[in-house]
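S.K.: Provided herewith is a single structure, encoded as structure tokens, for subsequent inquiry.
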Amino acid sequence: MAINIVARCEFSKILKRSMKWSLILLLGLVALAHVRAEVEELDNEDLLEELLDLELDESEEELLRQFEEKNLNKDVERENEIASKLAADTNNILNPVVEIDPCEKMHCGAGRVCHLEGVTAKCICIPECPDEVDARRRVCTNKNETWPSDCSVYQQRCLCDTKDPGCLNPSNTHLHIDYYGECHELKECTEEEMKDFPRRVRDWLFNVMRDLAERDELTEHYMQMELEAETNMTRRWANAAVWKWCDLDGDTDRSVSRHELFPIRAPLMSLEHCIAPFLESCDPNKDHRITLVEWGACLGLDPSDLNERCDDIQKSVPHLLG
Ligand SMILES: [Ca+2]
Ligand SMILES: [Ca+2]
Numbered sequence: 002m003a004i005n006i007v008a009r010c011e012f013s014k015i016l017k018r019s020m021k022w023s024l025i026l027l028l029g030l031v032a033l034a035h036v037r038a039e040v041e042e043l044d045n046e047d048l049l050e051e052l053l054d055l056e057l058d059e060s061e062e063e064l065l066r067q068f069e070e071k072n073l074n075k076d077v078e079r080e081n082e083i084a085s086k087l088a089a090d091t092n093n094i095l096n097p098v099v100e101i102d103p104c105e106k107m108h109c110g111a112g113r114v115c116h117l118e119g120v121t122a123k124c125i126c127i128p129e130c131p132d133e134v135d136a137r138r139r140v141c142t143n144k145n146e147t148w149p150s151d152c153s154v155y156q157q158r159c160l161c162d163t164k165d166p167g168c169l170n171p172s173n174t175h176l177h178i179d180y181y182g183e184c185h186e187l188k189e190c191t192e193e194e195m196k197d198f199p200r201r202v203r204d205w206l207f208n209v210m211r212d213l214a215e216r217d218e219l220t221e222h223y224m225q226m227e228l229e230a231e232t233n234m235t236r237r238w239a240n241a242a243v244w245k246w247c248d249l250d251g252d253t254d255r256s257v258s259r260h261e262l263f264p265i266r267a268p269l270m271s272l273e274h275c276i277a278p279f280l281e282s283c284d285p286n287k288d289h290r291i292t293l294v295e296w297g298a299c300l301g302l303d304p305s306d307l308n309e310r311c312d313d314i315q316k317s318v319p320h321l322l323g
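When the count follows my numbering, it moves up by one through the sequence shown with no breaks and lands on 323 for the last residue.
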């Protein structure tokens, strides 16, 4: 019985040792298979020594964990790599790289168009203006010459600015539109007509403002001023005058320059022969700038009725409005 127990114990020891060896060999094989590719980096010799060292009984588990950890790290690394690749691919699908047209944000000004030279956006003179057959598209320049369209005037100015052979006369760098329509002898504005003209302009301004309000083309601020003009007769002309003056003052320097008068002067010249002398009368001190007081005075309005209520003031300095 005792012999049997001793024998069983011996057998158990042998089995245990045999299993240990098998485990170590198995671990070694697994480890070798995994680390083959990176054998130089993983200090393979140390690992083999550890595996073959019988004194490492207690550290078998630790060794196993080390291998696991190495493999785990490798797996995590690989998973991360796959995940980031997948994420990049998905991102490309969801947010494809959009080719941004460099011309999209380019403002070239009248008579010029944006042109791509390779990847560089450049403003060039418009190569061709649309063929205009409608006589109403013709324009009269400051040189009293009729041109087929505003486009052709701006194109010509650009060609002269850039010293292009298409420039017909170097002085055309100063070419601009005086009024829309063919050049013609402008009828003289009689004193009688001129006397009545401010009232006509007042009416016209209010009607334009009302039209824009009906078409919902005014800002909220000017909508309010229009509503006030509709319901309050004393505000009617003043509000329309202030609105137009603010509207003309494109650079918001609180004065309307000759250039800024263009939007009302050029289209009306052919229709209203008094508009040019009228606008002249709006700048009595001849400094080429029309202040709100000058504007009001030439429209026959009381300066005390005119508040500088431009929309941009309301937006930036609300406390000035009162
Ligand atoms: Ca201005
Ligand atoms: Ca002035």
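Cβ atoms here follow ideal geometry from the backbone N, Cα and C, with glycine treated the same way.
Residue ranges of each alpha helix (DSSP H) run of no fewer than 4 residues wholly in the region 202-253, ordered along the chain?
M.R.: Qualifying alpha helix (DSSP H) stretches, in chain order: 221-232, 234-249.
S.K.: Where the beta carbon is closer than 6 angstroms to any heavy atom of ligand 2, which residues qualify, in chain order?
M.R.: Any residue whose Cβ sits closer than 6 angstroms to a heavy atom of ligand 2 makes the list: 284, 286, 288, 290, 291, 292, 295.
S.K.: For ligand 1, I want to know if residue 257 counts as a neighbour, meaning its beta carbon is within less than 7 angstroms of at least one of the ligand's heavy atoms.
M.R.: Yes.
S.K.: What is the DSSP secondary structure of residue 176, reduced to helix, strand or coil?
M.R.: Residue 176: coil per DSSP, three-state reduction.
S.K.: In the DSSP assignment, what residue or residues form a beta bridge with residue 148?
M.R.: Looking at the DSSP assignment, residue 148 forms a beta bridge with 140.
S.K.: Could you tell me if residue 127 is buried or exposed, where buried requires 16 or more neighbouring beta carbons within 10 angstroms of its beta carbon?
M.R.: That one is buried.
S.K.: Thinking just about the alpha-carbon of each residue, which of 176, 237, 221, 122 is nearest to the one in residue 104?
M.R.: Measuring from the Cα of residue 104, the nearest candidate turns out to be 122.
S.K.: By a C-beta neighbour count over all protein chains shown, 10 Å radius and 16 as the cutoff for buried, is residue 245 buried or exposed?
M.R.: When all chains shown are included, residue 245 counts as buried.
S.K.: What span of residues does the alpha helix (DSSP H) with residue 266 cover, start to end?
M.R.: Here the alpha helix (DSSP H) through residue 266 covers 263-269.
S.K.: Let's test the definition: count the other Cβ atoms within 10 Å of the Cβ of residue 129 and tell me whether it reaches 16, buried, or not, exposed.
M.R.: Under this definition residue 129 is an exposed residue.
S.K.: Where does residue 115 sit, in a helix, a strand or coil, going by DSSP?
M.R.: Strand, per DSSP.
S.K.: Can at least three beta-carbon pairs, one atom from the region 149-157 and one from the region 237-251, be found at a separation below 8 angstroms?
M.R.: Touching, no, given that fewer than three Cβ pairs across the two stretches are closer than 8 angstroms.
S.K.: Starting from residue 124, trace the beta strand (DSSP E) in both directions and tell me its first and last residue.
M.R.: From DSSP, the beta strand (DSSP E) with residue 124 extends over 121-126.
S.K.: Taking three-plus beta-carbon pairs below 8 angstroms as touching, is the region 176-192 in contact with the region 265-284?
M.R.: Yes, the region 176-192 touches the region 265-284.
S.K.: By the three-class DSSP mapping on this structure, what secondary structure does residue 256 have?
M.R.: The answer is coil: DSSP assigns residue 256 none of H, G, I, E or B.
S.K.: Should residue 309 be counted as a contact of ligand 1 given a C-beta to heavy atom distance under 7 angstroms?
M.R.: Incorrect: residue 309 has no Cβ contact closer than 7 angstroms to ligand 1.
S.K.: Which value, in whole angstroms, describes the spacing of the CA atoms of residue 187 and residue 114?
M.R.: Roughly 34 angstroms between the two C-alpha positions.
S.K.: Distance check for residue 199 and residue 238, CA to CA, integer angstroms please.
M.R.: Approximately 11 angstroms, taken between the alpha carbons.
S.K.: If you follow the alpha helix (DSSP H) that residue 278 is part of, which residue opens it and which one closes it?
M.R.: From DSSP, the alpha helix (DSSP H) with residue 278 extends over 276-282.
S.K.: State the DSSP-derived secondary structure class of residue 200, mapped to helix, strand or coil.
M.R.: Of the three classes helix, strand and coil, the one that applies to residue 200 here is helix, per DSSP.
S.K.: In whole angstroms, what is the alpha-carbon distance linking residue 278 and residue 196?
M.R.: Looking at the two C-alpha atoms, the distance is approximately 11 angstroms.
S.K.: Can you name, in chain order, every residue of its own chain whose Cβ lies under 8 angstroms from the Cβ of residue 250, other than the five neighbours on each side?
M.R.: Cβ neighbours of residue 250 beyond the five flanking positions: 256, 257, 261, 311.
S.K.: In chain order, what residues of the same chain lie with their CB nearer than 7 angstroms to the CB of residue 291, ignoring the 5 residues before and after it?
M.R.: If we look at residue 291 and ignore the five residues flanking it on each side, its Cβ neighbours are 256, 257, 283, 284.
S.K.: Are residue 150 and residue 134 closer than 8 angstroms when you measure CB to CB?
M.R.: Contact: no.
S.K.: List the whole-angstrom C-beta distance separating residue 206 from residue 213, where the pair is believed to meet the contact cut-off of C-beta under 8 angstroms.
M.R.: Residue 206 to residue 213, Cβ: 11 angstroms. No contact.
S.K.: Tell me the DSSP secondary structure of residue 355 in three-state form.
M.R.: Nothing about residue 355 can be read from this structure; the chain reaches only from 2 to 323.
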